[in-house]
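Engineer:
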Amino acid sequence: MRKRLIMSFFAMALLVFDGGVDVKAEARKTLSEIDKKLKLLNKPAIKSIKSKDGDIIDCVDIYKQPAFDHPALRNHTIQMRPNTIFASETSTTKHESSPAMLTQTWQKSGSCPKGTVAIRRYANLYTRENNYIGARGDINLWDPLVEFYNESSSAQISLKSGFVENFESIEAGWMVYPNLFNADGEPRLFIRWTLDGYRRTGCINLNCAGFVQTSSVIALGSTFSNVSTLHGPQFQIKIRIDHDPSTNHWWLQYYNEVVGYWPAEILCYLKEEASIVAWGGDVHSKNVKPGHPYHTTAYMGSGEAASELFGSANFITNIRVIDYSLQLKYPDPAFFVVDEPNCYSALIYKAEIALSCKREVPLYSSGTVG
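Pasting the structure below:
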């Protein structure tokens, strides 16, 4: 369902070429629909910043951001900081490579004034169950190869609750997705959420109303100043998501910068707690399913096997959860699940989770799973 949600706007554009009777009329109608959607996504900017990577960052009045197109937020009062002081700890990870906040590329070209939030302009439409109120992790940053334009590769932290077929989920991390991000292969900061297992609701970043951004420093969908290299310097991004019991909002932090929150008004099962926390990587492709005659060669992370460990495999460190004791804890019990073990691998190594994809291709014979 995620793929259908993300690609639904492309379907309108593709139909222009198959309209038959009045192609020009259909084209005008389609362009009008796309233009309306872009106007909803791209709010009037107080200031615009042209980034060296080609992105345009709009500094939008905090009260005119896309979140407030959601009917449940019409009378919502913005909260700039959480009311609760969340638990924290000093990192003791052996391989700490990037103690300072990893900057975003656009920040080299300017900054947004107070009273605004930084929003990347859209050029096209494109554990076991428990009671958790917070999670965090340091996610190794790579620029994985994706084979096709409509494939994506990501690494993220997710908090979920609800029924298996109709779950709610909020997540954050980095993503490579050419279809969504101007056809480049750069990893970008992203959030994603759904209220029904991605059947009818949910989207990436600010593509739809819901998430309330408060930061003028961080832009969702922007690239990073550095990425890891095989057997070379390693870079991580620090992500934390915390529940504020005084408001039931879920707050996102990038390092120590508060980016914004998922407001309680749009949540149901997640309104008070999460039952599952997951750290990991995803590859989304039409060519990832049992029995498919061709399997994508898209990488997860570095493209190396998880057993290669630090410097080669994609990893997540400083994995912690917060429960009602309000203490940071290493998740116990912790386990991993690999949907495609012939291609992708995972392991828990000491306090680290390494996830990646093997390079061996082909992976199938005679059109069946090998």
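Mind the numbering: the sequence shown is residues -27 to -1, 1 to 343 in mature numbering (1 follows the signal peptide of the UniProt record, and there is no 0), read in order.
C-beta atoms are modelled at their ideal positions from N, C-alpha and C, and glycine is treated no differently.
1. For residue 295, report the span of its beta strand (DSSP E) as first-last.
2. For the beta strand (DSSP E) containing residue 129, list its first residue and its last residue.
3. Do residue 175 and residue 351 count as a contact pair if the criterion is CB distance below 8 Å?
4. Using only the alpha-carbon positions, how far apart do residue 125 and residue 197 sit?
5. Alpha carbon to alpha carbon, what distance is there between residue 120 and residue 66?
6. Does the beta-carbon distance from residue 292 to residue 192 come in below 8 Å?
7. Using 8 Å as the Cβ pair cut-off and three pairs as the minimum, do the stretch 202 to 220 and the stretch 30 to 46 touch?
8. One question on the structure: do residue 346 and residue 107 come within less than 8 Å of each other, judged by their Cβ atoms?
9. According to DSSP, is residue 226 helix, strand or coil?
10. Which one of 223, 287, 44 and 285 has the shortest CA to CA distance from residue 245?
11. Quick one: grab the DSSP three-state call for residue 78.
12. Apart from the five residues on each side of it in sequence, which residues of its chain come closer than 6 Å, Cβ to Cβ, to residue 251?
13. Which whole-angstrom value describes the C-beta separation of residue 117 and residue 271, a residue pair presumed to lie in contact below a C-beta threshold of 8 Å?
14. What span of residues does the beta strand (DSSP E) with residue 107 cover, start to end?
15. Quick check: what's the CA-CA separation for residue 104 versus residue 27?
16. For the beta strand (DSSP E) containing residue 217, name the first residue and the last one.
17. How is residue 220 classed by DSSP in three states: helix, strand or coil?
18. Among 185, 144 and 170, which has the Cα closest to the Cα of residue 52?
19. Just to confirm, is the Cβ distance from residue 78 to residue 25 under 8 Å?
20. May I have a chain-ordered list of the beta strand (DSSP E) segments no shorter than 3 residues that lie completely inside the stretch 145 to 203?
21. Among 154, 269, 20 and 249, which has the Cα closest to the Cα of residue 137?
22. Is it right to say residue 371 is buried, meaning 16 or more other beta carbons lie within 10 angstroms of its own, or is it exposed?
23. Taking residue 285 and residue 162 to be in contact with their CB atoms under 8 Å, please state how far apart those CB atoms are, rounded to whole angstroms.
24. Would DSSP call residue 31 helix, strand or coil?
Structural biologist: Quick look at the numbers:
1. 287 to 295
2. 125 to 136
3. Residue coverage of the chain in this structure runs from -27 to 343, which leaves residue 351 outside it and unanswerable.
4. 17 Å
5. A caution first: residue 66 carries a pLDDT of 49, below 50, which makes its placement in the model too unreliable to give a value.
6. With contacts defined as CB atoms closer than 8 Å, residue 292 and residue 192 fail to qualify as a contacting pair.
7. no
8. Absent from the structure is residue 346, since the part of the chain shown begins at -27 and ends at 343.
9. DSSP places residue 226 in strand when its eight states are reduced to three.
10. It is 223.
11. helix
12. 131
13. 7 Å
14. 107 to 113
15. Those two C-alpha atoms are separated by around 42 Å.
16. 209 to 217 is the extent of the beta strand (DSSP E) around residue 217.
17. coil
18. Ranking 185, 144 and 170 by Cα distance to residue 52 puts 185 first.
19. yes
20. 161 to 167
21. 249
22. Outside the shown range of the chain (-27 to 343) lies residue 371, about which nothing can therefore be said.
23. Their Cβ separation, rounded to whole angstroms, is 24 Å, which puts residue 285 and residue 162 out of contact at 8 Å.
24. strand
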